[in-house]
Amino acid sequence: MTPTLSIIVPIYNRIDVISSCVESVLQDGSSEFELILIDDLSTDNSFNFIKDINDPRVKIGQSKIRKNGNVARNLGAEMARGKYLTFLDSDDIYLHDRI
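Per the numbering used here, the sequence shown runs over residues 13 to 111.
See below:
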């Protein structure tokens, strides 16, 4: 199934908040999305956390060189399969039924 929406989240050293962000998206009532998490070479445990997420709607990417959030967003956009793109910061959450 091709998702309608690709949600792209750039991550850099957000182990303290990324769980809430991811959970808020995955608990939404819709299933027509993909969640693309792009780690920008975090030095905390963020990448290990996201790579252990077991959900078919989640795609993981990692920058090859530490750049910034915009480069991570572009990498996520390249990976996206959805008809529409949206961006979510790693310290934000979606309210229920936002999607």
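Glycine included, every Cβ here is placed at the ideal spot set by N, Cα and C.
Asked, Found
"Beta-carbon gap between D104 and R78 smaller than 8 angstroms", "no"
"Neighbourhood of S54 by C-beta distance below 8 angstroms, restricted to the same chain and skipping five residues each side", "I23, Y24, N25, R26, I27"
"Endpoints, beta strand (DSSP E) assigned at L47", "45-51"
"Rounded separation between K95 and D56 - CA only", "33 angstroms"
"CB contact flag (R69, T14, <8 angstroms)", "no"
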